[in-house]
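> Sending over a structure as structure tokens; questions will come in a sec.
Chains as they are written, first to last, in my numbering: chain A, 2 to 164; chain U, 67 to 151.
Shown next as structure tokens:
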């Protein structure tokens, strides 16, 4: 576990194959700002944390504390977020090196299911074996975290995370 | 909706797609008529009343994402596509 926020930002940014410039551009800040965060000279604005953690593929808790939350957890009924505030993250790392990240709010997933769309129609190839309705049911039951993990024969990897 | 395309050679293209224009009460019937051939092509059975559910879902989804991209595609060769709601 890295000790400082800056080191964690650098570590997870590199894990996502992003340069400081890439991250800065996506967040709408200068690359110097990202450099200062990573060397612990300054901290990112609190309003940037949801977007920053989303881009780094981790939760805000993990970003701030360095503690990894369990892969899957059952949230007690009183502490659950409403379904409309949950997001389904589809992370696809192709064997050929392409990276695809899709952040689908559950409200959109539910609307798509009502219409009769399936996951490949929403999010593209390789997802035909994922039962979107089951993922929605698990989220409704309060399950959060990495609900699906698939490794393809050609080395590609697909993860579905709900949080 | 905004689409940002960054080519591997450094060229960048920003495309604003005003979804609100297609999804308001006046233009929705026209948009649905234009969409029909594609729905048939991809075998999606969407009725007009279901189509009208989409604007509300999209508005809620935009609030939920709060600035996070809807899709972020990074190609091996350096190309990059980002889509915001």
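Ideal Cβ positions, reconstructed from N, Cα and C, are used throughout, including at glycine.
How about residue 65 of chain A and residue 6 of chain A: are their beta carbons less than 8 Å apart?
Against the first chain, residue 65 of chain A aligns to sequence position 64. Against the first chain, residue 6 of chain A aligns to sequence position 5. Going by C-beta atoms, residue 65 of chain A is nearer than 8 Å to residue 6 of chain A.
> Let me confirm a value: residue 104 of chain A is counted as buried when at least 16 other C-beta atoms fall within 10 Å, else exposed. Which label applies?
Residue 104 of chain A sits at position 103 when you count from the first residue of the first chain. Per the 10 Å Cβ criterion, buried.
> On a Cα-Cα basis, can you pick out the residue from A:35, A:38, A:143 that is closest to residue 77 of chain A?
Sequence index remark: in the first chain, residue 77 of chain A carries index 76 (1-based). Distance check between residue 77 of chain A and each of A:35, A:38, A:143 places A:143 closest, using alpha-carbon atoms only.
> Are the beta-carbon atoms of residue 111 of chain A and residue 137 of chain A separated by less than 8 Å?
If you number the first chain from 1, residue 111 of chain A lands on position 110. If you number the first chain from 1, residue 137 of chain A lands on position 136. In contact: residue 111 of chain A and residue 137 of chain A (Cβ atoms closer than 8 Å).
> Say whether chain U places a C-beta atom closer than 8 Å to the C-beta of residue 138 of chain A.
As a first step, residue 138 of chain A is located in the first chain; it is residue number 137 there, counting from the start. Cβ-Cβ to chain U under 8 Å: no for residue 138 of chain A.
> Apart from the five residues on each side of it in sequence, which residues of its chain come closer than 7 Å, Cβ to Cβ, to residue 118 of chain U?
Position 52 of the second chain holds residue 118 of chain U. Excluding positions up to five away in sequence, the list reads 94.
> Which bits of chain A does residue 133 of chain U rub up against, with CB to CB less than 8 Å?
Along the second chain, one-based indexing puts residue 133 of chain U at 67. Neighbours of residue 133 of chain U on chain A, chain order: 51, 52.
> Would you say residue 94 of chain A and residue 146 of chain A are within 8 Å of each other, going by their C-beta atoms?
What you label residue 94 of chain A is simply residue 93 of the first chain in a count that begins at 1. What you label residue 146 of chain A is simply residue 145 of the first chain in a count that begins at 1. Result no, Cβ atoms of residue 94 of chain A and residue 146 of chain A do not sit closer than 8 Å.
> Measuring straight from C-alpha to C-alpha, what distance separates residue 67 of chain A and residue 97 of chain U?
As a working mapping, residue 67 of chain A is identified with position 66 in the first chain. As a working mapping, residue 97 of chain U is identified with position 31 in the second chain. Taking the straight line from one Cα to the other gives about 47 Å.
> In the segment 79-103 of chain A, which residue ranges form an unbroken beta strand (DSSP E) of at least 3 residues, counting only runs that do not cross its ends?
88-94
> Residue 88 of chain A versus chain U: which residues are under 8 Å apart at the beta carbon?
Along the first chain, one-based indexing puts residue 88 of chain A at 87. Result: 130, 131, 134.
> Using a C-beta cutoff of 8 Å, does residue 141 of chain U count as contacting chain A?
What you label residue 141 of chain U is simply residue 75 of the second chain in a count that begins at 1. It does; some Cβ of chain A falls within 8 Å.
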